Amino acid sequence: MVEEAVYDRIKPQYSEHVRRIADEYSEYYFSSYVDLSDIQRQLVLIDRLIDARIWLVNSKGAVLADTRSKALLNVSDYADLLFSSSFRDGVEMSGVFAEPMMCFCEPVIYEYAVKGYVCIFVPQSKVDKDAVIYMDVINKGLLIIAGVLFLSFVGIYFLAVYPTRKIRNAAIEYAKGNYDYPMNVKSHDEIRSLADSISYMVGEVRNVDDYQKKFIANISHDFRSPLTSIKGYAEAMKDGTIPYELQGKYLGIILFEADRLTKLTSNLLDLNRMDNKGVMLDITSFDINKVIRNVAAAFEGICRSRKIVIELEFAAMETFVDADMSRIQQVLYNLTDNAIKFSNSDSRIEIETEEKGNKVLVRVRDHGIGIPKDSVKRIWERFYKADSSRGKDKKGTGLGLSIVKEVISAHDENISVISTEGVGTEFTFSLTLSET
Numbered sequence: 029m030v031e032e033a034v035y036d037r038i039k040p041q042y043s044e045h046v047r048r049i050a051d052e053y054s055e056y057y058f059s060s061y062v063d064l065s066d067i068q069r070q071l072v073l074i075d076r077l078i079d080a081r082i083w084l085v086n087s088k089g090a091v092l093a094d095t096r097s098k099a100l101l102n103v104s105d106y107a108d109l110l111f112s113s114s115f116r117d118g119v120e121m122s123g124v125f126a127e128p129m130m131c132f133c134e135p136v137i138y139e140y141a142v143k144g145y146v147c148i149f150v151p152q153s154k155v156d157k158d159a160v161i162y163m164d165v166i167n168k169g170l171l172i173i174a175g176v177l178f179l180s181f182v183g184i185y186f187l188a189v190y191p192t193r194k195i196r197n198a199a200i201e202y203a204k205g206n207y208d209y210p211m212n213v214k215s216h217d218e219i220r221s222l223a224d225s226i227s228y229m230v231g232e233v234r235n236v237d238d239y240q241k242k243f244i245a246n247i248s249h250d251f252r253s254p255l256t257s258i259k260g261y262a263e264a265m266k267d268g269t270i271p272y273e274l275q276g277k278y279l280g281i282i283l284f285e286a287d288r289l290t291k292l293t294s295n296l297l298d299l300n301r302m303d304n305k306g307v308m309l310d311i312t313s314f315d316i317n318k319v320i321r322n323v324a325a326a327f328e329g330i331c332r333s334r335k336i337v338i339e340l341e342f343a344a345m346e347t348f349v350d351a352d353m354s355r356i357q358q359v360l361y362n363l364t365d366n367a368i369k370f371s372n373s374d375s376r377i378e379i380e381t382e383e384k385g386n387k388v389l390v391r392v393r394d395h396g397i398g399i400p401k402d403s404v405k406r407i408w409e410r411f412y413k414a415d416s417s418r419g420k421d422k423k424g425t426g427l428g429l430s431i432v433k434e435v436i437s438a439h440d441e442n443i444s445v446i447s448t449e450g451v452g453t454e455f456t457f458s459l460t461l462s463e464t
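Take 29 as the starting number for the sequence shown in my numbering and just add one per residue.
Structural data, given as structure tokens:
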């Protein structure tokens, strides 16, 4: 029964994934203006999010993109097996899959014709593994209940039957993905403790599911916007809507949007690595002042064009800290980039250090538009943009400050922000001084 419940949960989940991929990106997959390598990168990103192998296949059976193999195949001989149904289980392809797979397929329709297919492959063993996990939860719950009943007299045993049945029924519903199923166990013994533990577990699983849904929705939006701009301007130049003498301007916009996609993809992959493996740190002793100077120098060009001055003030000629230099450079780069985006022309940005005990405090301060009071607590959230329409640079991804927070937390250090609308914003983070 539990295995069937897991099946019923997985099938609509991956069917929805393949349908959304085919529907939302159909106009890009077979457009001559989008390079296959860009499509491959997008699909690899989605692969990592949903943990499934993804194929993009043209109408002749040639695999144009495969998220887990560089050796592209021609599967025309398997067309009836793969494309005749939206779902098949137990799919076996010698030399391609090491085990039977569940296959979810959806046609890609472009210009009123089927141009190919998007296929998602999930190992059959995933159902078995999930079933074992859910059965383990149920069995442990029943084991605890059995112990309670063994130590109790017959009357308590009969009183425990009803809440036990409710817990079991709830566990089966949760296995189906019905997280709203009420358990309502009102006893005051170990059974209630077990019910509370299961309820807590279900809440955590729900949070993960909600996060994944929001994550995919945000990715879809942030990828679709620049791709639409690139496609629109490219088509306008091709059909002559944009005259030749103005094409340089719009090519610049296309490059701008391409850079935005590159930055978004890079940040997503960085955060994905942090989620999966944590932030891997290479702790060394280095001069934080030198890193600050290098970061400031990297922004000289844009600061000159915006008439913004970066002022540096150090607590000492040299200040050595123990940290991951490349990660701290990334933190300073993101904070400085953020300060420039929200600074007015003819203003200044101040980066300074202050030594306190065995710590050094690094401050990045701008005199720009500031952050709304109700948004200050949310700026560390992924994809959150505090009234992004007010920024002078639309290239932001809403991920920079999330990466900053992850890196500083990985160092067991602190970061804070003070901001006033119309006055400016100040970020302060700590690092540990090297022992001399």
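The C-beta atom is built at its ideal place from N, Cα and C for all residues, glycine as well. Just so we're clear, the structure is a prediction, and the values are computed from it rather than from any experiment.
DSSP state of residue i mapped onto helix, strand, coil
{"i": "P151", "result": "strand"}
{"i": "E454", "result": "strand"}
{"i": "P2", "result": "The question about residue 2 has no answer, for the chain in this structure spans 29 to 464."}
{"i": "D94", "result": "strand"}
{"i": "S417", "result": "Because the pLDDT of S417 is 39, which lies under 50, any placement of that residue in the model is unreliable, and the question is left without a value."}
{"i": "I161", "result": "helix"}
{"i": "G260", "result": "helix"}
{"i": "A203", "result": "helix"}
{"i": "K422", "result": "With a pLDDT of only 46 at K422, under the threshold of 50, the placement of this residue in the model should not be trusted; the figure read from the coordinates follows. Reduced to three states, the DSSP call for K422 is coil."}
{"i": "N102", "result": "strand"}
{"i": "V119", "result": "strand"}
{"i": "V487", "result": "For the chain, the structure presents residues 29 to 464; residue 487 sits outside this window and is missing."}
Counted within 10 angstroms of its Cβ, other Cβ atoms place residue i as buried (16 or more) or exposed
{"i": "E470", "result": "Because the chain is modelled from 29 through 464, residue 470 falls outside the range shown and cannot be assessed."}
{"i": "V323", "result": "buried"}
{"i": "R81", "result": "buried"}
{"i": "G396", "result": "buried"}
{"i": "I407", "result": "buried"}
{"i": "T95", "result": "buried"}
{"i": "G144", "result": "buried"}
{"i": "E434", "result": "buried"}
{"i": "L71", "result": "buried"}
{"i": "D402", "result": "exposed"}
{"i": "I379", "result": "buried"}
{"i": "M229", "result": "exposed"}
{"i": "M345", "result": "exposed"}
Pair within 7 Å by beta-carbon distance, residue i and residue j
{"i": "I219", "j": "P191", "result": "yes"}
{"i": "F348", "j": "D315", "result": "yes"}
{"i": "S113", "j": "G89", "result": "no"}
{"i": "F457", "j": "V388", "result": "no"}
{"i": "G398", "j": "S447", "result": "yes"}
{"i": "S371", "j": "I336", "result": "yes"}
{"i": "F455", "j": "V392", "result": "yes"}
{"i": "I148", "j": "Y57", "result": "no"}
{"i": "Y207", "j": "R234", "result": "yes"}
The beta strand (DSSP E) enclosing residue i, as first and last residue numbers
{"i": "Y387", "result": "The sequence shown places Lys at residue 387, not Tyr. Per DSSP, K387 belongs to the beta strand (DSSP E) from 387 to 394."}
{"i": "R376", "result": "376 to 384"}
{"i": "D352", "result": "348 to 352"}
{"i": "S447", "result": "443 to 448"}
{"i": "E339", "result": "337 to 341"}
{"i": "I311", "result": "311 to 315"}
Best match in the options for proximity to residue i [C-alpha to C-alpha]
{"i": "K369", "options": "S313, G428, D315, Q357", "result": "G428"}
{"i": "S221", "options": "Y209, I258, I172", "result": "I172"}
{"i": "S134", "options": "E339, Y162, L84", "result": "Strictly speaking, residue 134 in this sequence is Glu, with Ser absent from that position. With distances taken between Cα atoms, E134 lies closest to L84."}
{"i": "V213", "options": "K318, V392, D402, N197", "result": "N197"}
{"i": "A262", "options": "I195, R252, F251, I281", "result": "I281"}
{"i": "R334", "options": "S354, A367, L309, D310", "result": "A367"}
{"i": "F251", "options": "L73, Y42, F457", "result": "L73"}
{"i": "A438", "options": "F327, A351, L283", "result": "A351"}
{"i": "E44", "options": "V91, N317, V146", "result": "V146"}
{"i": "Y131", "options": "S153, E139, A141", "result": "For clarity, residue 131 is Cys in the given sequence; the question names Tyr instead. The shortest C-alpha separation from C131 is found at S153."}
{"i": "F125", "options": "D158, V142, V150", "result": "V150"}
{"i": "I137", "options": "P400, E378, Y42, E52", "result": "E52"}
{"i": "N317", "options": "L309, M353, G329", "result": "M353"}
{"i": "S444", "options": "E346, V119, E232, V404", "result": "V404"}
{"i": "G329", "options": "D365, A223, D310", "result": "D365"}
Opening and closing residue of the alpha helix (DSSP H) in which residue i lies
{"i": "I436", "result": "428 to 438"}
{"i": "L84", "result": "Element bounds for L84: not the alpha helix (DSSP H) but the beta strand (DSSP E), 81 to 86."}
{"i": "D108", "result": "107 to 111"}
{"i": "K78", "result": "Strictly speaking, residue 78 in this sequence is Ile, with Lys absent from that position. Per DSSP, I78 belongs to the alpha helix (DSSP H) from 64 to 78."}
{"i": "K329", "result": "Strictly speaking, residue 329 in this sequence is Gly, with Lys absent from that position. That run of the alpha helix (DSSP H) goes 328 to 334."}
Residue i beta carbon near the ligand NAP (any heavy atom closer than 6 Å)
{"i": "N212", "result": "Looking at this structure, you won't find the ligand NAP or any other ligand, since it has none at all."}
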